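From first to last, the protein sequence lines stand for chains V and A.
All residue numbers for the first sequence refer to the working numbering, where the first residue is 3 and numbers rise by one.
All residue numbers for the second sequence refer to the working numbering, where the first residue is 3 and numbers rise by one.
Note that CB positions come from ideal geometry on N, CA and C, so glycine has one too.
Just so it is clear, the structure is predicted and the values come from calculations on it, not from any experiment.
Notes follow the structure.
There are 2 protein chains.
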Amino acid sequence: MNLDKAWDILKENGFKETSKRNQILELFVKDDRYLTARDLLDVMQKDYPSMSYDTVYRNLATFVSLGILEETELSGERHFRMHCESDSHHHHFICMDCGKIKEIPVCPMDMLGAALPAYEIANHKFEIYGKCPECK
Amino acid sequence: MNLDKAWDILKENGFKETSKRNQILELFVKDDRYLTARDLLDVMQKDYPSMSYDTVYRNLATFVSLGILEETELSGERHFRMHCESDSHHHHFICMDCGKIKEIPVCPMDMLGAALPAYEIANHKFEIYGKCPECK
DNA sequence: TTTCCAATTAAGAATGATTACGATTTACAT
DNA sequence: ATGTAAATCGTAATCATTCTTAATTGGAAA
């Protein structure tokens with residue numbers, strides 16, 4: 003996911019182009035890792051001192067609902083990052099130090115296809131946590 | 003995990019037997035599913051109107067640290083349930099309606115053993131969400 | 001039983017993340 | 001350039017969770 007693709011999606015869905023929205027997206031493009039709402043606000047307020055949490059959270063919710071960002075819960079806080087380019091379903095190793103991820107191309111659900119008859123499966127989560135080679 | 007086993011562990015670690023502690027544990031034994039701190043407090047306050055959140059959270063933390071309870075994050079809230087009897091590593095299907103779980107005997111990490119060289123793996127999460135046969 | 005101390009709890013304030021809301025500003029189609 | 005709906009600001013509210021301090025309690029020892 004890059005800036006242009008993100009704006010294509012936003013425009014298609016009738017969202018307006020604002021400088022704040024753009025800067026939030028730029029931050030995610032530049033900093034390819036999981037960020038919290040606070041992380042974003044801290045950086046944004048250097049350029050827009052009056053920026054409010056409402057704006058951050060509202061835009062994050064928009065981006066997630068449009069598939070531009072993906073979200074996870076890390077140590078009790080919501081974290082967000084650019085949605086991966088790869089169109090095939092996959093999972094992530096997440097570095098607990100720097101927040102960077104590594105794609106894991108396999109999905110455990112493949113092997114559980116018929117293991118849960120009578121159960122209605124809505125979704126699943128598979129994440130691996132630890133330290134990446136750089137942080138180790 | 004049953005009441006006696008839980009108290010064995012608590013006593014071994016020097017924790018005192020209190021009626022509140024016991025009732026919290028009884029609730030988890032009786033109601034074999036994921037519960038929130040609020041769920042517990044609501045029930046407990048029928049018998050102990052002055053019971054405080056602090057007591058609930060402190061005891062939950064104790065139980066988790068001793069391996070009596072297990073914990074997960076569901077829709078932004080911490081949920082707790084009795085730790086499974088099975089001593090072999092496994093994962094869970096979680097019903098989003100009633101909170102009951104079904105054990106999944108396989109672990110995706112088995113197949114990823116050497117797939118992440120140079121990465122230091124600390125832990126992982128694999129959970130399946132949906133509706134159980136009763137709630138469907 | 002009574003005493004005593006450390007563990008436990010109550011009460012409510014503090015914190016930190018997130019959401020809500022009325023007022024104001026901005027993007028952009030016309 | 002203007003009108004209008006969308007976006008944002010500023011701030012307050014909410015919700016889960018933790019902290020603080022004082023009071024209470026379990027249970028070992030006297």
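Exercise. Taking contact to mean at least 3 C-beta pairs separated by less than 8 Å, is the region 118-135 of chain V in contact with the region 29-46 of chain V?
Worked result: no
For this session: Determine, using beta carbons only, whether F82 (chain V) and L71 (chain V) come nearer to each other than 7 Å.
Result: yes
Exercise. So, using beta-carbon positions, are R60 (chain A) and G101 (chain A) closer together than 7 Å?
Worked result: no
For this session: Report yes if the C-beta distance between C109 (chain A) and K133 (chain A) is below 7 Å; otherwise report no.
Result: no
For this session: Please go through the region 80-111 of chain V and give each complete beta strand (DSSP E) segment of 3 or more residues, from N-terminal end onward.
Result: 93-97 and 103-106
Exercise. Does any C-beta atom of chain V lie closer than 7 Å to the C-beta of I123 (chain A)?
Worked result: yes
Problem set entry | Exposure label - H93 (chain A); buried when at least 16 CB within 10 Å | buried
Problem set entry | Sequence-distant residues of the same chain with beta carbon closer than 6 Å to E75 (chain A), five excluded per side | none
Problem set entry | Status (buried if at least 16 other CB within 10 Å, exposed otherwise) for A63 (chain A) | exposed
Problem set entry | A8 (chain A) burial status per 10 Å Cβ neighbour count (16 or more: buried) | buried
Exercise. In chain order, what residues of the same chain lie with their CB nearer than 6 Å to the CB of M84 (chain V), ignoring the 5 residues before and after it?
Worked result: M3 and F30
Problem set entry | Rounded straight-line distance, which links the Cα of F17 (chain A) to that of H129 (chain V) | As written in the sequence, residue 129 (chain V) is Glu, which differs from the His given in the question. Approximately 34 Å, taken between the alpha carbons.
Exercise. Grouping DSSP H, G and I as helix and E and B as strand, with all else coil, what is I123 (chain A)?
Worked result: strand
For this session: Run the CB neighbour count on M113 (chain V), radius 10 Å, all protein chains shown included, and call it buried at 16 or more, exposed below.
Result: exposed
For this session: Could you tell me which uninterrupted beta strand (DSSP E) segments, each at least 3 residues in length, are contained entirely in the region 49-80 of chain A, listed from first to last along the chain?
Result: 71-76
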